[in-house]
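Numbering (this note's numbering), first residue to last: 203 to 405.
The structure under discussion appears below in the form of structure tokens.
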Ligand SMILES: [Fe+2]
């Protein structure tokens, strides 16, 4: 019987099994310091309930525990808490914003409502999306956005990327129906700059 050969893989493939998640624009509505919780929308906020979960890992597939994820989004009506300059939010009041950390397996999960589209300028609509900033030790900060298959304005949104677009599953629970989606995130390693070589003294 012929001996089965183990396929050989180039070392580069082993070291970088996964491509880092694509970045996207920060946008004008980011605010620092959102509360630590895994519910992004206010309790009983209008809109379709949405649960997003996933894993954060390195390029080598190693789970990144205690990675900090910041989330912000528009309400179902397409409004951010700071999009009306005439009525800015109080500095300590955050709506449709949260931050939390991944568990020991790099897992995260949050509950919110499906965000509404909004007009970016006179002619351009933003398709429904959720903003992410993901921080982990020894990895590059990732600023990105999550998009949804079948959403309005998906094909005309200038910032939408196919690799950041997920399909949601309609899910039934005793408390009612909700949407569920999975978004796994891969962070690029922070490359250390090479230390300058010491000059050998001739003295
Ligand atoms: Fe946005």
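Note that the Cβ used here is the ideal one computed from N, Cα and C, for glycine as well.
Quantities reported herein were computed from a predicted structural model and do not represent experimental measurements.
Item                                                                                                           : Value
Inter-stretch contact at 8 Å, needing at least 3 Cβ pairs: the stretch 219 to 229 / the stretch 285 to 298     : no
Residue 365 in three-state terms, based on DSSP                                                                : helix
heavy atom of ligand 1 below 6 Å from residue 280 C-beta                                                       : no
Expected contact under 8 Å - CB spacing of residue 194 and residue 382 to nearest Å                            : There is simply no residue 194 to check, as the chain begins at 203 and stops at 405 in what is shown.
Assigned secondary structure, residue 342 (DSSP; H/G/I helix, E/B strand, else coil)                           : coil
Beta strand (DSSP E) segments (min. 3 residues) lying fully within the stretch 271 to 314                      : 299 to 303
Cβ shell of residue 372 (< 7 Å), same chain only, five flanking positions each side left out                   : 379 and 381
For residue 242, the three-state DSSP class (helix, strand or coil)                                            : coil
Any non-hydrogen atom of ligand 1 within 6 Å of residue 229 CB                                                 : yes
Inter-residue CB distance, residue 385 and residue 263 (contact presumed, cutoff 8 Å)                          : Going by Cβ atoms, the distance from residue 385 to residue 263 rounds to 17 Å, so no, they are not a contact pair.
Own chain, CB closer than 7 Å to residue 306, minus 5 neighbours either side, in chain order                   : 267
Rounded C-alpha distance that separates residue 299 from residue 362                                           : 21 Å
Nearest-angstrom Cα separation, counted from residue 387 out to residue 208                                    : For residue 208, the predicted structure reports a pLDDT of 45, less than 50, and the residue's modelled location is therefore unreliable. A value from the coordinates is still provided. If you take the alpha carbons of residue 208 and residue 387, they lie about 30 Å apart.
Counted within 10 angstroms of its Cβ, other Cβ atoms place residue 238 as buried (16 or more) or exposed      : exposed
Spatial distance of residue 279 from residue 377 (CA atoms)                                                    : 23 Å
Start-to-end residues for the beta strand (DSSP E) that takes in residue 256                                   : 251 to 260
Classification of residue 275 by the beta-carbon crowding that lies within 10 angstroms, buried from 16 upward : buried
Residue environment, residue 323, which counts as buried when at least 16 other CB atoms sit within 10 Å       : exposed
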